[in-house]
Amino acid sequence: MIDELANIAKQVLVSMNVQVSGVRLSKDSLHLVNSPLCVVIGLVNKKGEEKGIFGFEFSEAFAKYALNCLMPGYNVDMLSEIGLSALLELANMTCGNMLTRISPDAVTTPPTAVFGKNAKMLLNTAPCYRMIFDTPSSSLVVSLSVT
Numbered sequence: 000m001i002d003e004l005a006n007i008a009k010q011v012l013v014s015m016n017v018q019v020s021g022v023r024l025s026k027d028s029l030h031l032v033n034s035p036l037c038v039v040i041g042l043v044n045k046k047g048e049e050k051g052i053f054g055f056e057f058s059e060a061f062a063k064y065a066l067n068c069l070m071p072g073y074n075v076d077m078l079s080e081i082g083l084s085a086l087l088e089l090a091n092m093t094c095g096n097m098l099t100r101i102s103p104d105a106v107t108t109p110p111t112a113v114f115g116k117n118a119k120m121l122l123n124t125a126p127c128y129r130m131i132f133d134t135p136s137s138s139l140v141v142s143l144s145v146t
């Protein structure tokens, strides 16, 4: 299933002009995040019970590259209102496209941005699947833990 999710995410990124040169997959025992910007999107079933958590881990280099792809010709900072909104939308669209494969009866929570230098977060104690998308400037990590 993680291979299919990675292919879906890659298609969404490419549709937004983000060049993906490679995809790496990994699995960790906990859903830990260590990045300056993480967009967190929860998965809940129609009864409101949590099903899982997506984390979109943005490095500063990837955020700058993605914003340049999304808004060519503009110099947008990742923590400005427009930059943060664009990165939240990139995560939201990617998650929405993957949702039907994970759980057709699930819905997502609104994306939430968590940022800070040297921030380390525990998003879930469930096993975490990571999809690392290599781009010309750096990598985007999309992580998923399902409960």
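Quick note on numbering that gives the first Met the number 0: the sequence shown kicks off at 0 and runs consecutively. We put the CB at the ideal spot given by N, CA and C, even for glycine.
In three-state DSSP terms, what is residue i?
i	result
GLU3	helix
GLU59	helix
LYS119	coil
LEU24	strand
LYS50	strand
SER14	helix
Return the first residue and the last residue of the alpha helix (DSSP H) that residue i is part of.
i	result
GLY82	80-101
Using alpha carbons as the reference points, say which of the options lies closest to residue i.
i	options	result
ASN91	VAL39, LYS116, ASP2	VAL39
MET129	LEU143, LEU121, ALA85	It should be pointed out that residue 129 corresponds to Arg in this sequence rather than to Met. The residue with the shortest Cα to Cα distance from ARG129 is LEU143.
MET15	LEU98, ALA125, LEU86, ALA112	LEU86
ALA112	PHE132, SER79, ILE131	SER79
PRO103	SER136, ARG23, GLU88, LEU42	LEU42
SER136	HIS30, LEU66, ILE7	LEU66
ILE1	GLN18, LEU24, HIS30	LEU24
ALA118	SER58, GLU3, PRO71, LEU83	SER58
THR33	LYS50, LYS116, CYS127, LYS9	The sequence shown places Asn at residue 33, rather than the Thr named in the question. The residue with the shortest Cα to Cα distance from ASN33 is LYS116.
VAL106	ASP76, GLU49, PRO126, SER84	GLU49
Just reading off the beta strand (DSSP E) that residue i is part of, what are its end residues?
i	result
MET70	MET70 -> no beta strand (DSSP E), and no H or E assigned at all.
THR124	Careful: THR124 lies outside any beta strand (DSSP E) and carries neither H nor E.
THR111	111-114
SER144	138-145
THR107	105-107
VAL32	30-32
So, does the CB of residue i fall closer than 8 Å to a CB anywhere in chain B?
i	result
VAL13	Here chain B cannot be found, since the structure has a single protein chain.
Return the Cβ separation of residue i and residue j in integer angstroms, given the expectation that the two are a contact with Cβ distance under 8 Å.
i	j	result
LEU121	LEU89	Wrong, their Cβ atoms sit about 24 Å apart, outside the cutoff.
VAL145	PHE55	Rounded, the Cβ-Cβ distance is 16 Å, inconsistent with contact.
SER132	VAL19	Note that residue 132 is Phe in the sequence shown, not Ser. About 5 Å; that satisfies the 8 Å criterion.
PHE53	LEU139	Contact doesn't hold; Cβ gap of about 12 Å is too wide.
ASN74	VAL11	With 8 Å as the limit, ASN74 and VAL11 do not qualify as a contact, their Cβ atoms being about 24 Å apart.
What does the Cβ neighbour count give for residue i, buried or exposed, with the cut at 16 atoms within 10 Å?
i	result
THR124	exposed
TYR64	buried
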